[in-house]
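In full-length UniProt numbering, the protein residues as written are 1 to 263.
Backbone N, C-alpha and C define an ideal beta-carbon position, used for all residues, glycine too.
Source: prediction; values computed, not measured.
Below you'll find the structure, written out as structure tokens, and then a few comments.
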Amino acid sequence: MKIATWNINGAKARLDGLVAWLKESNPDIACLQEIKSVDEAFPRSEIEALGYHVETHGQKGFNGVALLSKLRPDEVTRGLPGDDMDEQARFIEGVFSVKDGAIRVCCLYLPNGNPVDSEKYPYKLAWMQRLAAFAEQRLRLEEPLILAGDYNVIPEAHDCWDVKVWQNDALFLPQTRAAFRRLRNLGFTDAVRATSDEVPLYSFWDYQAGCWPKNFGIRIDHLMMSPEAADKLVSTSIEKHVRSWEKPSDHVPVAGEFAFELA
Numbered sequence: 001m002k003i004a005t006w007n008i009n010g011a012k013a014r015l016d017g018l019v020a021w022l023k024e025s026n027p028d029i030a031c032l033q034e035i036k037s038v039d040e041a042f043p044r045s046e047i048e049a050l051g052y053h054v055e056t057h058g059q060k061g062f063n064g065v066a067l068l069s070k071l072r073p074d075e076v077t078r079g080l081p082g083d084d085m086d087e088q089a090r091f092i093e094g095v096f097s098v099k100d101g102a103i104r105v106c107c108l109y110l111p112n113g114n115p116v117d118s119e120k121y122p123y124k125l126a127w128m129q130r131l132a133a134f135a136e137q138r139l140r141l142e143e144p145l146i147l148a149g150d151y152n153v154i155p156e157a158h159d160c161w162d163v164k165v166w167q168n169d170a171l172f173l174p175q176t177r178a179a180f181r182r183l184r185n186l187g188f189t190d191a192v193r194a195t196s197d198e199v200p201l202y203s204f205w206d207y208q209a210g211c212w213p214k215n216f217g218i219r220i221d222h223l224m225m226s227p228e229a230a231d232k233l234v235s236t237s238i239e240k241h242v243r244s245w246e247k248p249s250d251h252v253p254v255a256g257e258f259a260f261e262l263a
């Protein structure tokens, strides 16, 4: 089973690329972030025509997440628990039946947090704290769980092209990376780093002139796996070539192959 995450940066604006990628990459479950669309306006018909079931948690103009799956989910949960006042559409969870039971796949879009001297950075840290509390609760189920998405976190210095450029950014501040480590220390494994120690490995290149051709990138899109999911991991891939397509997102898909058998 192939499970992928991709910050699409506008589902309607990148629809042609999304359809081309689904045909080429053929993921069983795709987690999309920044769909930038309300649920009713999401281009589901084009995606359903490829054999995917579509679940969205949308928001007009920005944010928004979606689960595209060849399997119909048994359950869908929208919104990260822990703050009833949070109206930003950043989280959706699907439960899928496989031969040995069920797997849980969460699609998440963590807050950017910049500028750090605004209310946006405390919101980022609070969101990460809520995510850790949710993840700790889900771990008690002892089921395969994958937290897939745009974390807006650069975990280590080798995950960015120049530490000096990023050292004061919300994506790389010590508090941010400490919050990411707390999630990892609950028992989650970074799928890409479980399969490769290659550096550099990036999943995002800014639109600013030169970043893509000069490989000035960062790695902020992650598949974090519970122990039960990590046991089933076979391989990972960062589908970097998609960044060179016409009208690309500034992110590329990150995918994991898992030895789950369909029910």
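1. I think L147 touches A133, with their Cβ atoms under 8 angstroms apart; what is that distance to the nearest whole Å?
2. So does the region 95-109 actually touch the region 139-159, counting three or more Cβ pairs closer than 8 angstroms?
3. Could you check whether A4 and V254 sit closer than 8 angstroms to each other, using their CB atoms as the reference points?
4. If I follow the unbroken beta strand (DSSP E) through G256, where does it start and stop?
5. Between K23 and the rest of its own chain, which residues show a CB-CB distance below 8 angstroms, the 5 nearest in sequence each way excluded?
6. Return the Cβ separation of C107 and C31 in integer angstroms, given the expectation that the two are a contact with Cβ distance under 8 angstroms.
7. Output needed for E75: all residues of its chain with C-beta closer than 6 angstroms, excluding positions within five of it in sequence on either side, in chain order.
8. Could you check whether the region 215-227 touches the region 186-204, counting it as contact only if at least three pairs of C-beta atoms, one from each stretch, sit closer than 8 angstroms?
9. Any contact between the region 242-252 and the region 206-214? By contact I mean 3 or more CB pairs, one from each, below 8 angstroms.
10. With respect to the beta strand (DSSP E) encompassing V65, which residues constitute its N-terminal and C-terminal limits?
11. Within its chain, find whatever has a CB closer than 8 angstroms to the CB of L15; leave out the 5 residues flanking it on each side and keep chain order.
12. Classify F134 as helix, strand or coil using the three-state DSSP reduction.
13. For my contact list, N7 and D150 are in at a C-beta cut-off of 8 angstroms; report their separation, rounded to the angstrom.
14. Which partner residues does Q33 have in the DSSP bridge list?
15. So which of D84, H57, R182, R243 has the shortest CA-CA distance to Y109?
16. So, helix, strand or coil for F91, using DSSP?
Quick look at the numbers:
1. That pair is no contact at about 13 angstroms.
2. Because the criterion of three Cβ pairs below 8 angstroms is met, the region 95-109 and the region 139-159 touch.
3. yes
4. 254-258
5. The answer, listed in chain order, is L50.
6. 3 angstroms
7. V95
8. yes
9. yes
10. 65-69
11. P43, E46
12. helix
13. 4 angstroms
14. DSSP output for Q33 lists N7, V65 as bridge partner(s).
15. H57
16. Three-state DSSP puts F91 in a strand.
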